[in-house]
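In my numbering, the protein residues as written are 117 to 221. C-beta: ideal position from N, C-alpha, C; glycine also. All figures in this text were calculated on a predicted structure; none of them were measured in a lab. Each remark here refers to the structure printed beneath this line.
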């Protein structure tokens with residue numbers, strides 16, 4: 117129906133906005149590792165919203181199940197990333213990306 121397509125379009129626009137915010141966050145805030153992790157989470161949430169919207173539109177549960185798997189991976193990525201940041205902060209006293217780049221050479 118027309119109302120279903122209109123609401124689907126609204127959700128897809130919201131997903132595109134989240135995706136752009138996440139991409140801009142990754143590339144514009146290269147100095148703050150926590151903001152980079154948050155931006156990656158925004159990208160994954162926009163992908164999940166797409167999966168759920170198309171799953172409802174196509175009347176198929178596979179997209180919703182796949183969305184749950186993506187949420188599990190995102191939770192694992194966040195917890196492991198934050199654990200690495202805590203250990204890194206304890207060792208070096210900073211989580212500045214500029215300092216991490218200096219350690220490469």
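Do residue 131 and residue 174 have their C-beta atoms within less than 7 Å of each other?
-> no
Would you call the region 175 to 193 and the region 155 to 164 in contact, with 3 or more CB pairs under 8 Å?
-> yes
Rounded to whole angstroms, what's the CA-CA distance from residue 125 to residue 205? Just pull it up for me.
-> 43 Å
Would you mind sorting residue 136 into buried or exposed? The rule is 16 or more other CB atoms within 10 Å of its CB.
-> exposed
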